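Note sheet for the following structure.
Numbering (this note's numbering), first residue to last: 134 to 283.
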């Protein structure tokens, strides 16, 4: 399995910062049987970026584009972080030591075998280093195809 096969597809939607836009995204996804597994939203005064992990990312992109949303997708790593005090700090410390910049991260709604699942977006040029460092540190990575089935 290549390192790019480890990436989960994240759906990114650009939203005007006005009432009802987030609800509309969720309604459209629900009407098409698409389940949201994790989300993150960042906003400014004018717009927001909604980042989603869903069970059917390609379908989500298609249906959201069909109703007029500006949508894209990108790869993120789903790391298994020990669900205990200091678990996340330890992983971030290993990435820092390796010179990996985390662009953003957010958590999954569930845990797997006692581990929290946290989604990390790293610079594309840092993917190989991130996978190597996490392997050396014993941090599991949930492969992309498994992430969408959680």
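Here a beta-carbon is modelled for each residue, glycine too, at the ideal position from N, C-alpha and C. Predicted model, so just to flag it, every value in this text is computed and none were measured.
**OP:** Within 10 angstroms of the Cβ of residue 198, are there 16 or more other Cβ atoms? Answer buried if so, exposed if not.
**Re:** The sequence position of residue 198 within the chain shown is 65, counting from 1. Counting Cβ neighbours within 10 Å, residue 198 comes out exposed, since fewer than 16 surround it.
Original post:
How about residue 144 and residue 209: do their beta carbons lie closer than 8 angstroms?
Top reply: On the chain shown, position 11 is the one that residue 144 refers to. On the chain shown, position 76 is the one that residue 209 refers to. No. Outside cutoff.
Original post:
According to the neighbour-count rule (16 or more other Cβ atoms, all chains shown, within 10 Å of its Cβ), is residue 131 buried or exposed?
Top reply: Because residue 131 is not part of the residues shown, which for the chain are 134 to 283, the question remains open.
Original post:
Is residue 229 helix, strand or coil when you go by DSSP?
Top reply: On the chain shown, position 96 is the one that residue 229 refers to. In the structure shown, residue 229 sits in a helix (DSSP, three-state: H, G or I).
Original post:
Can you find at least 3 beta carbon pairs, one from the segment 178 to 186 and one from the segment 145 to 162, that sit closer than 8 angstroms?
Top reply: yes
Subject >> Residues bridged to residue 207 [DSSP beta-bridge criterion] >> reply: Here residue 207 refers to the residue found at position 74 of the chain shown. Answer by DSSP bridge pairing, in chain order: 143.
**OP:** Count the C-beta pairs between the segment 213 to 222 and the segment 238 to 253 that are closer than 8 angstroms, then say yes if the count reaches three, no if not.
**Re:** yes
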